[in-house]
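The numbering of the sequence shown is this note's numbering, which starts it at 23 and goes up by one.
Idealized CB from N, CA, C, for every residue including glycine.
All values derive from a computational prediction rather than experimental measurement.
One structure below.
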Amino acid sequence: MATLSIKNLHVNAGDTEILRGLNLEIKDGETIALLGPNGHGKSTLLAAIMGNPAYTVTEGSITLDGQDVLAMPVNERSKAGIFLAMQYPSEVPGLNSADFYKAALNARREQPIKLFEFYSKLQKAYAETEIPFEMSKRNLNEGFSGGEKKRNEILQMKLLNPSVAMLDEIDSGLDVDALHVVAREIEKQQQTGTGFLVISHYARLYSLIHPTRAAILVNGRIVVEGGPELIERIDREGYEWIKTEYGVSVEKEIGKPMNDMSIGACGTKVKVNG
Ligand SMILES: Nc1ncnc2c1ncn2[C@@H]1O[C@H](COP(=O)(O)OP(=O)(O)OP(=O)(O)O)[C@@H](O)[C@H]1O
Ligand SMILES: [Mg+2]
């Protein structure tokens, strides 16, 4: 279990500043629903936490139980317990799935895992995520359908047993049955104390995994934080009410000059950064 703390985070993609002073904390065992309009920086946040080199942190800090995450290379971030299920998982031709999982597990151990132990663990993970074991022989994500890729991300989460799991639109592309399988596996992982940061545009997944809190990312900042009731409101009304209730301009395209943000009368659930 661990606390991931993000303070005043500024992140550039190329020359464009995408995150503009973002604050967020994921405490032990919490599940945070991260919502926000398209293109406002949700995936960028997760990529920056994981250490994707396409994104440059220009200011701010990310710590995991006080450890400086930004000072760690990607593999150390993973070994420290941070996990990312990507919005668009990459196909890796030439990398056998089972070999990849074995290498990932061994990177976390003093002694290499015994073959029998590895295969039992692998078979159990495939069975519980309801993925045919035959797929372990295929190259990672190569030719996988959209839903297979997403389900495979959950399989990786189970194998790696992270302390903080970040799931980027894990529900996109899943059929109804697969959505229930994925939700069940997330719930099992929640019970082990893993903290979750879960991006989805739809209330359906959230209704199955019961987030403890919700955070809304607009214009590169978390502009509203509150209870799960925020999810239902966004599902019903979209994001326009943020503009009217909190005086935050919701830009259609990030990267354009941003109006100053102001806050109207707001309750304790509101947090404006910067
Ligand atoms: N590598 C990159 N190079 C240039 N621009 C980028 C890069 N990555 C992201 N962006 C831009 O940053 C902005 C935020 O993108 P991001 O993927 O974080 O949005 P998002 O909130 O996850 O949106 P969605 O809900 O559509 O997934 C977008 O305008 C996007 O085009
Ligand atoms: Mg995204």
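Distance CB(isoleucine 176)-CB(alanine 107) smaller than 8 angstroms: Here residue 176 is taken as the residue at index 154 of the sequence shown, counted from 1. Here residue 107 is taken as the residue at index 85 of the sequence shown, counted from 1. Yes. Within cutoff.
Exposed unless 16 or more other CB atoms sit within 10 angstroms - verdict on histidine 62: In the sequence shown, residue 62 corresponds to position 40, counting from 1. Buried is the call here.
Assumed close pair arginine 243, leucine 44 - CB separation to whole angstroms, cut-off 8 angstroms: Numbered from its first residue, the sequence shown carries residue 243 at position 221. Numbered from its first residue, the sequence shown carries residue 44 at position 22. Contact between arginine 243 and leucine 44 holds, since their C-beta atoms are separated by about 5 angstroms, short of 8 angstroms.
Contact under 8 angstroms by Cβ, alanine 225 with glutamate 191: Start at 1 with the first residue of the sequence shown, and residue 225 comes out as number 203. Start at 1 with the first residue of the sequence shown, and residue 191 comes out as number 169. No.
The stretch 198-213 contacting the stretch 159-179, beta-carbon criterion three pairs below 8 angstroms: Segments in contact, yes.
Given 8 angstroms, three or more beta-carbon pairs between the stretch 75-83 and the stretch 123-139: no
heavy atom of ligand 2 below 7 angstroms from aspartate 190 C-beta: Here residue 190 is taken as the residue at index 168 of the sequence shown, counted from 1. Aspartate 190 Cβ: within cutoff of ligand 2.
Residues of its chain near lysine 29, where Cβ-Cβ distance is below 6 angstroms and the 5 sequence neighbours each way are ignored: Taking the sequence shown and counting its residues from 1, one reaches residue 29 at position 7. Excluding sequence neighbours, lysine 29 sits near Asn45, Gly82, Ser83.
Residues near aspartate 193 in its chain [Cβ-Cβ closer than 8 angstroms; skip 5 each side]: For the purposes of this step, residue 193 is taken as residue 171 along the sequence shown, with counting starting at 1. Same-chain partners within the cutoff: Lys172, Leu201, Val204, Ser222, Tyr224, Arg226, Leu227.
Cut-off 6 angstroms between Cβ atoms - residues of its own chain near glycine 20, not counting five sequence neighbours on either side: For residue 20 there is no data in the structure shown, the boundaries of the chain being 23 and 296.
DSSP-derived helix/strand/coil call for glutamine 109: On the sequence shown, position 87 is the one that residue 109 refers to. Note: glutamine 109 maps to coil in three-state DSSP.
Glycine 195: CB within 7 angstroms of a non-hydrogen atom of ligand 1: Your numbering for residue 195 matches position 173 in the sequence shown. Every heavy atom of ligand 1 is 7 angstroms or more from the Cβ of glycine 195, so no.
Near ligand 2: lysine 171 beta-carbon under 7 angstroms from a heavy atom: By 1-based counting over the sequence shown, the position of residue 171 is 149. Answer for lysine 171: no, Cβ out of range of ligand 2.
Status (buried if at least 16 other CB within 10 Å, exposed otherwise) for asparagine 163: As a working note, residue 163 is residue 141 in the sequence shown. The residue is buried, with at least 16 neighbouring Cβ atoms inside 10 Å.
Beta-carbon proximity of valine 272 to valine 240, cut-off 8 angstroms: What you label residue 272 is simply residue 250 of the sequence shown in a count that begins at 1. What you label residue 240 is simply residue 218 of the sequence shown in a count that begins at 1. Their beta carbons are under 8 angstroms apart, which means valine 272 touches valine 240 by this criterion.
Check: serine 65 C-beta below 7 angstroms from any heavy atom of ligand 2: Mapped onto the sequence shown, residue 65 falls at position 43. Flag set: Cβ of serine 65 near ligand 2.
Residues near leucine 68 in its chain [Cβ-Cβ closer than 6 angstroms; skip 5 each side]: Within the sequence shown, residue 68 is the residue found at index 46, counting from 1. Cβ neighbours of leucine 68 beyond the five flanking positions: Leu106, Met188, Asp190.
Same chain, Cβ closer than 7 angstroms to phenylalanine 155, neighbours up to 5 away in sequence not counted: Mapped onto the sequence shown, residue 155 falls at position 133. Excluding positions up to five away in sequence, the list reads Gln145, Tyr148.
Burial state of serine 112 (16 or more Cβ within 10 Å): Looking up residue 112 in the sequence shown gives position 90. Exposed, by the Cβ-count rule.
Helix, strand or coil at lysine 124 [DSSP, three-state]: Taking the sequence shown and counting its residues from 1, the one referred to as residue 124 is at position 102. Here lysine 124 sits in helix by DSSP.
Whole-Å CB distance - valine 186 paired with leucine 26, under 8 angstroms assumed: Locating residue 186 in the sequence shown gives position 164, counting from the first residue. Locating residue 26 in the sequence shown gives position 4, counting from the first residue. Contact flag correct, Cβ pair sits at about 5 angstroms.
Separation of asparagine 128 from aspartate 257, as counted between CA atoms: Reading the sequence shown from its first residue, position 235 is the one you call residue 257. Reading the sequence shown from its first residue, position 106 is the one you call residue 128. When rounded, the distance between both Cα atoms is 42 angstroms.
Inter-residue CB distance, isoleucine 48 and glycine 269 (contact presumed, cutoff 8 angstroms): Counted from its first residue, the sequence shown places residue 48 at position 26. Counted from its first residue, the sequence shown places residue 269 at position 247. 27 angstroms between Cβ atoms; not a contact.
Contact check, valine 33 vs threonine 66, beta carbons under 8 angstroms: Here residue 33 corresponds to residue number 11 of the sequence shown, with the count starting at 1. Here residue 66 corresponds to residue number 44 of the sequence shown, with the count starting at 1. Their beta carbons are under 8 angstroms apart, which means valine 33 touches threonine 66 by this criterion.
Terminal residues of the beta strand (DSSP E) in which leucine 57 lies: Here residue 57 corresponds to residue number 35 of the sequence shown, with the count starting at 1. Taken as a continuous stretch (DSSP letters only), the beta strand (DSSP E) holding leucine 57 covers 53-57.
Assumed close pair isoleucine 71, isoleucine 104 - CB separation to whole angstroms, cut-off 8 angstroms: Translated into positions along the sequence shown, residue 71 becomes position 49. Translated into positions along the sequence shown, residue 104 becomes position 82. With 8 angstroms as the limit, isoleucine 71 and isoleucine 104 qualify as a contact, their Cβ atoms being about 7 angstroms apart.
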